[in-house]
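Residue numbers (this note's numbering): 22 to 87.
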């Protein structure tokens with residue numbers, strides 16, 4: 022469950038409005054949205070390289086554990 026859905030669900034379950042702390046959490050989450058999108062784009066752009074290098078490291082580790 023996303024942070025937004027979680028905060029809203031907790032408030033809804035308690036049958037109350039969002040608290041100041043919860044509103045601050047949501048505000049911080051939305052402020053960092055652009056950064057999170059940039060990170061996702063970088064990871065997506067480099068996914069093949071990340072998987073290949075991770076796989077190679079994994080298999081190299083197995084060679085030394087036998």
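Note that CB positions come from ideal geometry on N, CA and C, so glycine has one too.
Between the segment 72–79 and the segment 53–61 there are fewer than three inter-stretch CB-CB distances shorter than 8 Å, so the stretches are not counted as touching. In this structure, the CA atom of residue 27 is about 12 Å from the CA atom of residue 39.
In the three-state DSSP reduction, residue 39 falls in the coil class, being neither helix nor strand. In terms of Cβ geometry, residue 25 and residue 58 do not form a close pair [threshold 8 Å].
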